[in-house]
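Each remark here refers to the structure printed beneath this line.
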Amino acid sequence: AANPSGIMHNKLGLFDYGATNRWVFVASWNFTSGASYQQWNIAIEARNAALFSAYTNELRELLEGRFHYDPAKSHAHDGTRFRLDESWDEGWVRFAPYPDGSAGGTNAQTDITNLIAGAQSEIVFAINLLTRPLIASQLVAAANRGVMIHGVIPGSDQFVSDSVYPYLTNAANYASTNVVNFVTAYENPDGTLLDDGSVSDLVHAKWMVIDPWGARPVLVHGSANWTDSALASATANDENVLFLRHRKLARVFYAQFKRMTGMWATNRADAWCELARTGASWRVD
């Protein structure tokens, strides 16, 4: 779908092989060479009828020219519930722009802050750009109640306008020594160079995993940078964000964090969780 003006920021595809074999491809990855070879990106391929229908309805809006600035754009499919195989509960999908862009309104930002508020033990995230003070304050609150938090934001985006990175790295904002711990991503796949800020948007992912080793893991993943335009606004970007209550998928993303940062190689009980490969197929060992 070609966007005549503004920002259509989706990165997705639909593949229809018949009534029982319809797939949704949801990525952080732009369809470019740089995104394929110079950045950390990730995608999900999901086969689910309800999810396929929701994305079909969203793409129909775009293909018919109803982008974010069009008040006639439908929100009927926003918030569609679905259940993937092996999920511990229903997931849902949000499509920006949202029906209500206010703090606490019907939007992805509210969903995310609610999930962070419910975190029990651990949060891990890889986010290209994070500018939302409400999300930052919830992360600090989670750290203050003892939740272990590790994140990565690329060097090129840590100090851009409105970034909450300076707030989250200021020890004075925390009640104890348990803080949001930022780690540095590798610039190359063999782990011999670290991000020095010279590669723009090196970490291009936009995801968060909550309680990956708990009873109720949650994965948030989609096209949206964690900004007002992408997570809250009622008039800005066209985006899609998945909320997945799925243990295995949460741990796959956790394993990607390990691979892009080298974290927890030997000193964690869950150090066994690694991305491995058989031929062209990736798996989690």
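Numbering (our numbering), first residue to last: 24 to 308.
For every residue, glycine included, the Cβ atom is placed at its ideal position computed from N, Cα and C.
Contact belief for Phe205 with Gly174 at Cβ below 8 angstroms, rounded distance in angstroms
In the sequence shown, the residue the question calls residue 205 occupies position 182. In the sequence shown, the residue the question calls residue 174 occupies position 151. At roughly 6 angstroms, the Cβ-Cβ gap stays under 8 angstroms, so Phe205 and Gly174 are in contact.
Starting from Ala149, follow the beta strand (DSSP E) in both directions and report where the run begins and ends.
Within the sequence shown, the letter at position 126 stands for residue 149. Here the beta strand (DSSP E) through Ala149 covers Glu145 to Ile150.
State buried or exposed for Thr250, treating a residue as buried only when at least 16 other CB atoms are found within 10 Å of its CB.
If you number the sequence shown from 1, residue 250 lands on position 227. Under this definition Thr250 is a buried residue.
Curious, which full-length alpha helix (DSSP H) runs of at least 4 residues does the region 205 to 292 contain?
251 to 254 and 270 to 284
DSSP-derived helix/strand/coil call for Ile158:
Mapped onto the sequence shown, residue 158 falls at position 135. Helix at Ile158.
The beta strand (DSSP E) that contains Leu153, what's its start and end?
Within the sequence shown, numbered from 1, the residue matching residue 153 stands at position 130. Note, Leu153: premise wrong, no beta strand (DSSP E); not H, not E.
Hey, Leu35 and Ser252: beta-carbon distance below 8 angstroms or not?
In the sequence shown, counting from the first residue as 1, residue 35 sits at position 12. In the sequence shown, counting from the first residue as 1, residue 252 sits at position 229. Contact: no.
Taking the CB atoms as reference points, tell me whether Leu152 and Thr136 lie closer together than 8 angstroms.
The count along the sequence shown starts at 1 and reaches residue 152 at position 129. The count along the sequence shown starts at 1 and reaches residue 136 at position 113. Contact flag unset, no.
Thr55 (DSSP reduced to helix, strand or coil):
Mapped onto the sequence shown, residue 55 falls at position 32. Thr55 falls in the coil class under three-state DSSP.
Would you kindly work out how many angstroms separate the C-alpha atoms of Phe75 and Asn33, rounded to a whole number?
In the sequence shown, counting from the first residue as 1, residue 75 sits at position 52. In the sequence shown, counting from the first residue as 1, residue 33 sits at position 10. Going from the Cα of Phe75 to the Cα of Asn33 covers about 15 angstroms.
For the region 200 to 216 and the region 114 to 123, state whether three or more C-beta atom pairs, one from each stretch, are separated by less than 8 angstroms.
no
Whether His100 touches Asn80 by CB criterion (8 angstroms)
By 1-based counting over the sequence shown, the position of residue 100 is 77. By 1-based counting over the sequence shown, the position of residue 80 is 57. Yes, the pair counts as a contact, with Cβ atoms nearer than the cut-off.
Closer than 7 angstroms by C-beta to Thr344: which residues in its own chain qualify, once you throw out the five before and the five after it? Chain order, please.
Within the shown structure, residues of the chain are numbered from 24 to 308, placing residue 344 beyond reach of any answer.
From the DSSP output, in three-state form, read off Phe182 for me.
In the sequence shown, residue 182 corresponds to position 159, counting from 1. Coil, per DSSP.
What are the boundary residues of the alpha helix (DSSP H) that includes Glu81?
Locating residue 81 in the sequence shown gives position 58, where the first residue counts as 1. Residues Ala72 to Leu86.
So for Ala131, helix, strand or coil by DSSP?
The sequence position of residue 131 within the sequence shown is 108, counting from 1. Reduced to three states, the DSSP call for Ala131 is helix.
7 angstroms Cβ shell around Ala166 - same chain, five flanking residues per side excluded:
As a first step, residue 166 is located in the sequence shown; it is residue number 143 there, counting from the start. Hits under 7 angstroms: Ile172, Tyr197, Asn201, Val202 and Val203.
Three or more C-beta pairs below 8 angstroms linking the region 233 to 247 and the region 259 to 267
yes
Do you know how far the Cα of Gln132 is from the Cα of Arg83?
Your numbering for residue 83 matches position 60 in the sequence shown. Your numbering for residue 132 matches position 109 in the sequence shown. The alpha-carbon of Arg83 is positioned some 24 angstroms away from that of Gln132.
Give the secondary structure of Ala119 by DSSP, where H, G and I count as helix, E and B as strand, and everything else as coil.
What you label residue 119 is simply residue 96 of the sequence shown in a count that begins at 1. DSSP, read as helix, strand or coil, puts Ala119 in strand.
Between which two residues does the alpha helix (DSSP H) harbouring Leu191 extend?
Here residue 191 refers to the residue found at position 168 when the sequence shown is read from its first residue. Counting along the chain, the alpha helix (DSSP H) containing Leu191 begins and ends at Tyr188 to Leu191.
DSSP three-state call for Leu138: helix, strand or coil?
Here residue 138 refers to the residue found at position 115 of the sequence shown. Residue state, collapsed to three classes: helix.
Between the Cα of Asp224 and the Cα atoms of Trp63, Met31, Tyr40 and Arg45, which residue gives the shortest distance?
As a working mapping, residue 224 is identified with position 201 in the sequence shown. When each option's Cα is compared against that of Asp224, the closest is Trp63.
Round the Cβ separation of Ala69 and Trp52 to the nearest angstrom and send it over; I've been treating them as touching at under 8 angstroms.
Position 46 of the sequence shown, counted from the first residue, corresponds to residue 69. Position 29 of the sequence shown, counted from the first residue, corresponds to residue 52. About 15 angstroms separates the Cβ atoms of Ala69 and Trp52, ruling out a contact at the 8 angstroms cut-off.
Cβ-based neighbour list, Asp39, same chain, cut-off 6 angstroms, excluding 5 preceding and 5 following:
Here residue 39 refers to the residue found at position 16 of the sequence shown. Hits under 6 angstroms: Arg45.
Start and end residues, beta strand (DSSP E) containing His173
Start at 1 with the first residue of the sequence shown, and residue 173 comes out as number 150. It spans Met171 to Val175 - the beta strand (DSSP E) in which His173 sits, taken as one unbroken run.
Terminal residues of the beta strand (DSSP E) in which Ala42 lies
Residue mapping note: residue 42 aligns to position 19 of the sequence shown, counting from 1. Premise fails: Ala42 is in no beta strand (DSSP E) and is neither H nor E.
Short of 8 angstroms in beta carbon distance, which residues of its chain neighbour Val187, apart from the five on each side in sequence? Order them along the chain.
Looking up residue 187 in the sequence shown gives position 164. Around Val187: Leu153, Thr154, Arg155, Pro156, Ile158 and Ala159.
Tell me, to the nearest whole angstrom, how far the beta carbon of Gly114 is from that of Leu265; I am working on the premise that it is less than 8 angstroms.
Residue mapping note: residue 114 aligns to position 91 of the sequence shown, counting from 1. Residue mapping note: residue 265 aligns to position 242 of the sequence shown, counting from 1. The Cβ separation is near 7 angstroms, so the contact holds.
Report back the beta-carbon spacing between Asp234 and Ser144 to the nearest angstrom; my notes put them in contact at under 8 angstroms.
Looking up residue 234 in the sequence shown gives position 211. Looking up residue 144 in the sequence shown gives position 121. Yes, they are in contact, since the Cβ atoms of Asp234 and Ser144 sit about 6 angstroms apart, within 8 angstroms.
Could you say which of Thr43, Met231, Pro212 and Thr301 lies nearest to Arg268 if we only look at CA atoms?
The residue labelled residue 268 in the question sits at position 245 within the sequence shown. The candidate whose alpha carbon is nearest that of Arg268 is Met231.
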